[in-house]
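K.L.:
Numbering (this note's numbering), first residue to last: 2 to 433. Just so it is clear, CB atoms sit at the ideal spot from N, CA and C, and this is done for glycine as well. The structure's right below; bear with me while I get my questions together.
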Ligand code: URA
């Protein structure tokens, strides 16, 4: 029998822990036999001391062993692909990628999360669609992927319960942004859900957990190693999160932008990421196409209406109404004007995320309700020219007072300079 306090102390002092002891700790925590305060102390020791790759494998394995596993590929008799993002601001990528990939004939079944820290969660965004159900049983999930070709659901209670508890604990103990903990959290869910091939969107910059390309590469390598060990194909896209993705930040606003992107009317940076991720998922699938042909098919699906049709089938299958006009709108829309002429040098993702959070688009405390209608639309992005008085952004608020406060925060997030900053695309690197 392990003594948690001893493991905390040994990790605190920099010792490498054996796999069996780590496993016992994680399984005991998942059963409720180790209290939150001890696991929080352990996570903080890991935050400062890190985990070796052997320890990261052991942690991931133990998290998978804490619950059931699913073999979606065997259930469907097809190679199944999956995607996951490490978390960003305005990141509605899965809501657009799922229908595009499904329209191209590849089954897409994904378990998503809620907001974590300053980042939004796909489930919260989908719940802005009236009637949409994120809680499906495992059987309903598998049936829907088989029959409709697409399902995005909440993580089932049976799958990786250790991550479910740990994720919530890390969120409130400042232990989210640690490479091994993020790698084990993401890969335990991906491996337990049974996809054969996985595209990971590793966000880099101000609005991401990984602030630099070097940190993001380290996280990508850690997740690739876990995937390789489990015999899965993994491709990591390192993508820019110095500014929010696309224009919209906030739940219903983001769903509207994802729907526009599915029909080919999305903002350039978001469209590029969606098409690139879709192309790579198609190239990993059993269609037998390369990424170039995958890209052509993904673009075609957005042009010919088949991706929109897949979106509508999917939303209806999960009880939602796909008509965009039913998405709630905030009663107050406030323009934020530029105070100077020049070029937008940066739109701070964290500053915009905090303004959206203060408007009510995210949770300030656990289990707090979310206001699906509110958020921010960043009309000007890095590199855009602007004149004094131009509208930089719009704040969508519940009332005038919260609109005032958010407008000031949004203005502070914009930096306007005389000379254009060096151009930078959304895709920074690919590691496979
Ligand atoms: N997303 C996850 O699923 N887990 C993390 O730890 C961070 C982002």
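#1: I need the boundaries of the beta strand (DSSP E) containing residue 393, first residue and last residue.
#2: Going by beta carbon distance, what residues of the same chain come within less than 7 Å of residue 100, once the five residues before and after it are set aside?
#3: If you measure between the beta carbons of residue 393 and residue 337, is that distance less than 8 Å?
#4: Confirm the yes/no value for this check: CB of residue 187, any heavy atom of the ligand URA, distance under 7 Å.
#5: Can you give me the start and stop residues for the beta strand (DSSP E) that residue 379 sits inside?
#6: Verify the contact flag: residue 183, CB atom, against every heavy atom of the ligand URA, threshold strictly below 7 Å.
#7: Going by the CB atoms, is the gap between residue 248 and residue 331 shorter than 8 Å?
#8: Between residue 190 and the ligand URA, is the CB less than 7 Å from at least one heavy atom?
#9: In the structure shown, what three-state DSSP assignment does residue 297 receive?
#10: Measuring CA to CA, which of 27, 80, 71, 54 is closest to residue 288?
#11: Considering just the uninterrupted stretch of the alpha helix (DSSP H) at residue 440, what are its terminal residues?
#12: Examine the Cβ distances between the segment 277-294 and the segment 123-143 and report whether three or more of them are shorter than 8 Å.
#13: Does the beta-carbon of residue 213, which I'm using as the reference point, lie nearer than 7 Å to any heavy atom of the ligand URA?
#14: Please name the residue in 212, 201, 421 whose C-alpha comes closest to that of residue 221.
#15: Between the C-alpha atoms of residue 270 and residue 319, what's the straight-line distance to the nearest angstrom?
#16: Under the criterion of a Cβ to heavy atom distance below 7 Å, does residue 47 qualify as lining the ligand URA?
#17: Take residue 161 and list the residues in its own chain whose beta-carbon comes closer than 6 Å to its own, dropping the five residues that flank it on each side.
#18: For residue 2, does the count of other Cβ atoms within 10 angstroms reach 16, so buried, or fall short, so exposed?
#19: Hey, residue 187 and residue 85: beta-carbon distance below 8 Å or not?
#20: Taking a contact to mean a Cβ-Cβ separation below 8 Å, would you say residue 73 touches residue 231 in this structure?
#21: Using DSSP's beta-bridge definition, name the partner residues of residue 240.
#22: With H, G and I counted as helix, E and B as strand and the rest as coil, what does DSSP make of residue 46?
#23: Report all residues from its chain with a CB closer than 8 Å to the CB of residue 250; omit the five preceding and five following residues, and keep chain order.
#24: Taking the alpha helix (DSSP H) that residue 147 belongs to, which residues open and close that run?
#25: Can you find the residues in the same chain that come closer than 6 Å, C-beta to C-beta, to residue 134, ignoring five residues on each side of it along the sequence?
#26: I'd like to check one pair, residue 345 with residue 417: are the Cβ atoms closer than 8 Å?
#27: Taking the DSSP output, what are the residues bridged to residue 85?
#28: Looking only at DSSP bridge pairs, what is residue 336 linked to?
#29: According to the Cβ coordinates, are residue 407 and residue 253 closer than 8 Å?
#30: Closer than 7 Å to a non-hydrogen atom of the ligand URA - does that hold for the CB of residue 61?
#31: Exposed or buried, which one is residue 49 when buried takes at least 16 other CB atoms within 10 Å?
#32: Quick check on DSSP: helix, strand or coil for residue 109?
#33: Nearest-angstrom Cα distance between residue 7 and residue 215?
P.N.:
In this structure, then:
#1: By one-based count along the chain shown, residue 393 stands at place 392. Element bounds for residue 393: 392-398.
#2: Walking along the chain shown from the start, residue 100 turns up at place 99. So the qualifying residues of the chain are 151, 263, 308, 311, 312, 315.
#3: Locating residue 393 in the chain shown gives position 392, where the first residue counts as 1. Locating residue 337 in the chain shown gives position 336, where the first residue counts as 1. Cβ distance < 8 Å, so residue 393 and residue 337 count as in contact.
#4: Locating residue 187 in the chain shown gives position 186, where the first residue counts as 1. The beta carbon of residue 187 sits closer than 7 Å to at least one heavy atom of the ligand URA.
#5: In the chain shown, counting from the first residue as 1, residue 379 sits at position 378. Counting along the chain, the beta strand (DSSP E) containing residue 379 begins and ends at 376-379.
#6: Your numbering for residue 183 matches position 182 in the chain shown. Yes, Cβ of residue 183 sits closer than 7 Å to a heavy atom of the ligand URA.
#7: Here residue 331 refers to the residue found at position 330 of the chain shown. Here residue 248 refers to the residue found at position 247 of the chain shown. No, these two residues do not count as a Cβ contact at 8 Å.
#8: Against the chain shown, residue 190 aligns to sequence position 189. Answer for residue 190: yes, Cβ within range of the ligand URA.
#9: Against the chain shown, residue 297 aligns to sequence position 296. DSSP places residue 297 in helix when its eight states are reduced to three.
#10: For the purposes of this step, residue 288 is taken as residue 287 along the chain shown, with counting starting at 1. Nearest C-alpha to residue 288: 80.
#11: Beyond the ends of the chain as shown, which are 2 and 433, falls residue 440; an answer cannot be given.
#12: no
#13: Residue 213 sits at position 212 when you count from the first residue of the chain shown. No, the ligand URA has no heavy atom inside 7 Å of this Cβ.
#14: For the purposes of this step, residue 221 is taken as residue 220 along the chain shown, with counting starting at 1. Taking only the C-alpha atoms, the option nearest residue 221 is 201.
#15: The count along the chain shown starts at 1 and reaches residue 270 at position 269. The count along the chain shown starts at 1 and reaches residue 319 at position 318. Roughly 29 Å separates the two Cα atoms.
#16: Within the chain shown, residue 47 is the residue found at index 46, counting from 1. No.
#17: If you number the chain shown from 1, residue 161 lands on position 160. Result list for residue 161: 64, 68, 189, 190, 193, in chain order.
#18: Locating residue 2 in the chain shown gives position 1, counting from the first residue. By the 10 Å Cβ count, residue 2 comes out exposed.
#19: Sequence index remark: in the chain shown, residue 187 carries index 186 (1-based). Sequence index remark: in the chain shown, residue 85 carries index 84 (1-based). In this structure, residue 85 lies closer than 8 Å to residue 187 by Cβ.
#20: Walking along the chain shown from the start, residue 73 turns up at place 72. Walking along the chain shown from the start, residue 231 turns up at place 230. It is not a contact, given that the beta carbons lie outside the stated cut-off.
#21: Along the chain shown, one-based indexing puts residue 240 at 239. DSSP output for residue 240 lists 204, 428 as bridge partner(s).
#22: For this step, residue 46 is matched to residue 45 along the chain shown. Three-state DSSP puts residue 46 in a helix.
#23: By 1-based counting over the chain shown, the position of residue 250 is 249. 90, 91, 121, 353, 354, 357, 362, 376, 377, 378, 379, listed in sequence order.
#24: Indexing the chain shown from 1 puts residue 147 at position 146. Its alpha helix (DSSP H) spans residues 139-149.
#25: Here residue 134 is taken as the residue at index 133 of the chain shown, counted from 1. Correct list, in chain order: 319, 320.
#26: Looking up residue 417 in the chain shown gives position 416. Looking up residue 345 in the chain shown gives position 344. In contact: residue 417 and residue 345 (Cβ atoms closer than 8 Å).
#27: Residue mapping note: residue 85 aligns to position 84 of the chain shown, counting from 1. The partner list for residue 85 (beta bridge, DSSP) reads 201.
#28: To locate residue 336, count along the chain shown from 1; it is residue 335. According to DSSP, residue 336 bridges with 395.
#29: As a first step, residue 407 must be located in the chain shown, where it is residue number 406. As a first step, residue 253 must be located in the chain shown, where it is residue number 252. It is not a contact, given that the beta carbons lie outside the stated cut-off.
#30: Counted from its first residue, the chain shown places residue 61 at position 60. For the ligand URA, not one heavy atom lies less than 7 Å from the Cβ of residue 61.
#31: Counting from one through the chain shown, the residue named residue 49 turns up at place 48. Exposed is the call here.
#32: Working through the chain shown from its first residue, we reach residue 109 at position 108. It is a strand residue.
#33: In the chain shown, counting from the first residue as 1, residue 7 sits at position 6. In the chain shown, counting from the first residue as 1, residue 215 sits at position 214. Going from the Cα of residue 7 to the Cα of residue 215 covers about 33 Å.
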